[in-house]
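First comes the structure, then the notes that go with it.
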Amino acid sequence: MPEELNSILVELHSHSNYSDGSASPEKLFMQANKIGLEALAITDHNIFACGKMKELEKKYNIINIPGVEINSDAGHILCLGINSMPRSKTLPELHDEIHSDSGILIAAHPYGGALREGIVQKPEYVKYVDAIEVLNGKTFASMNKKAMELAVHCKKPMVSGSDSHILSELGKYACKIDGSSVEEILKAIKKGHVILPDKKTSFTGILWKTFKGKVRKQFR
Numbered sequence: 045m046p047e048e049l050n051s052i053l054v055e056l057h058s059h060s061n062y063s064d065g066s067a068s069p070e071k072l073f074m075q076a077n078k079i080g081l082e083a084l085a086i087t088d089h090n091i092f093a094c095g096k097m098k099e100l101e102k103k104y105n106i107i108n109i110p111g112v113e114i115n116s117d118a119g120h121i122l123c124l125g126i127n128s129m130p131r132s133k134t135l136p137e138l139h140d141e142i143h144s145d146s147g148i149l150i151a152a153h154p155y156g157g158a159l160r161e162g163i164v165q166k167p168e169y170v171k172y173v174d175a176i177e178v179l180n181g182k183t184f185a186s187m188n189k190k191a192m193e194l195a196v197h198c199k200k201p202m203v204s205g206s207d208s209h210i211l212s213e214l215g216k217y218a219c220k221i222d223g224s225s226v227e228e229i230l231k232a233i234k235k236g237h238v239i240l241p242d243k244k245t246s247f248t249g250i251l252w253k254t255f256k257g258k259v260r261k262q263f264r
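First residue of the sequence shown? That's 45 in this note's numbering, and the numbers climb one at a time after it.
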């Protein structure tokens, strides 16, 4: 676990009116500034608009994490830290493309959405993601718990994301991550240096050792 003193508040999963969100990217950055977020990833569905976000990053002094939510053959995948719109649709190919672009892949809400095409239906694909979103603002608590169990079982780093579609949802499931740049944030995620929120508006962390002990017993 990282020292919370070195961590910043990060929203890894949000949507603007470029896809199915209600607010413009600028309003999202304004809201992020208002509520104290220090880094923001706008991950619209299959739409990548990095140029506009760079302008907003400077204007509102919030780290912009370039990202997109891709509909892959293994469910929704958050691709973060990229420089261009990914072309691949199969997860193995997407993995190679994103990594060659210095980005990372996160399995979004693995137990939410269309399970018939989700990563839980293709367990051999879990190795192609760098982390799993275990707390999602649009997913039932029971499904989030299953996602956390999956991450522990597969020894994958955990992250959270609000999956916000309206301004009031932004930051509700933000997490704390070590880093002061996109590169440092991505590296911290891959190392598991992430503090998850224990409540929608609280960032004191969860009881990791206790939870992991319970999960390990279930998989023995």
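Note that the Cβ used here is the ideal one computed from N, Cα and C, for glycine as well.
DSSP three-state label for residue i, please.
{"i": "Ser208", "result": "strand"}
{"i": "Phe247", "result": "Low per-residue confidence applies at Phe247: pLDDT is 40, beneath 50, and the placement is therefore not dependable enough to give any value."}
{"i": "Ile163", "result": "helix"}
{"i": "Asn127", "result": "coil"}
{"i": "Gly80", "result": "coil"}
{"i": "Asp140", "result": "helix"}
{"i": "Ile52", "result": "strand"}
{"i": "His197", "result": "helix"}
{"i": "Ala173", "result": "Note on identity: in this sequence residue 173 is Val, with Ala being the wrong assignment. Coil, per DSSP."}
{"i": "Leu135", "result": "helix"}
{"i": "Ile229", "result": "helix"}
{"i": "Ser68", "result": "coil"}
{"i": "Lys216", "result": "coil"}
{"i": "Ser58", "result": "strand"}
{"i": "Asn188", "result": "helix"}
Return yes when the Cβ of residue j is within less than 8 angstroms of the Cβ of residue i, no when it is not.
{"i": "Leu53", "j": "Ala85", "result": "no"}
{"i": "Ala175", "j": "Val196", "result": "no"}
{"i": "Ile126", "j": "Val226", "result": "no"}
{"i": "Leu179", "j": "Ser58", "result": "no"}
{"i": "Pro154", "j": "Leu211", "result": "no"}
{"i": "Ile142", "j": "Lys234", "result": "no"}
{"i": "Cys198", "j": "Val164", "result": "no"}
{"i": "Ile121", "j": "Val173", "result": "yes"}
On the premise that residue j lies in contact with residue i, defined as a C-beta separation below 8 angstroms, what is that separation, rounded to the nearest angstrom?
{"i": "Met97", "j": "Pro69", "result": "6 angstroms"}
{"i": "Cys91", "j": "Ser63", "result": "The sequence as given places Ile at residue 91; Cys does not occur at that position. About 5 angstroms; that satisfies the 8 angstroms criterion."}
I need the straight-line Cα distance from residue i to residue j, nearest angstrom please.
{"i": "Lys166", "j": "Glu113", "result": "19 angstroms"}
{"i": "Lys206", "j": "Asp242", "result": "What sits at residue 206 in the sequence shown is Ser, not Lys. If you take the alpha carbons of Ser206 and Asp242, they lie about 13 angstroms apart."}
{"i": "Pro46", "j": "Asp222", "result": "Residue confidence for Pro46 is low, a pLDDT of 45 falling below 50, so the modelled location carries little weight; the figure read from the coordinates is stated next. Their backbone Cα atoms lie some 7 angstroms apart in a straight line."}
{"i": "Ala151", "j": "Glu168", "result": "13 angstroms"}
{"i": "Ile239", "j": "Ser132", "result": "31 angstroms"}
{"i": "Cys123", "j": "Gly111", "result": "5 angstroms"}
{"i": "Asp117", "j": "Asn77", "result": "35 angstroms"}
{"i": "Ser288", "j": "Leu135", "result": "Missing from the structure shown is residue 288; the chain here goes from 45 to 264 and no further."}
{"i": "Ser60", "j": "Cys219", "result": "20 angstroms"}
{"i": "Gly181", "j": "Asn188", "result": "9 angstroms"}
{"i": "Lys71", "j": "Phe184", "result": "27 angstroms"}
{"i": "Lys231", "j": "Ser66", "result": "31 angstroms"}
{"i": "Asn105", "j": "Met74", "result": "10 angstroms"}
Are the C-beta of residue i and some C-beta of chain B separated by less than 8 angstroms?
{"i": "His153", "result": "The structure shown contains no chain B; it holds only a single protein chain."}
Which stretch, first to last residue, makes up the alpha helix (DSSP H) that contains residue i?
{"i": "Glu168", "result": "Run containing Glu168: none; DSSP gives neither H nor E here."}
{"i": "Leu240", "result": "Per DSSP, Leu240 belongs to no alpha helix (DSSP H) and is neither H nor E."}
{"i": "Gly95", "result": "Cys94 to Tyr104"}
Looking at the secondary structure, which residues open and close the beta strand (DSSP E) in which residue i lies?
{"i": "Gly111", "result": "Gly111 to Ser116"}
{"i": "Ala151", "result": "Ile148 to Ala151"}
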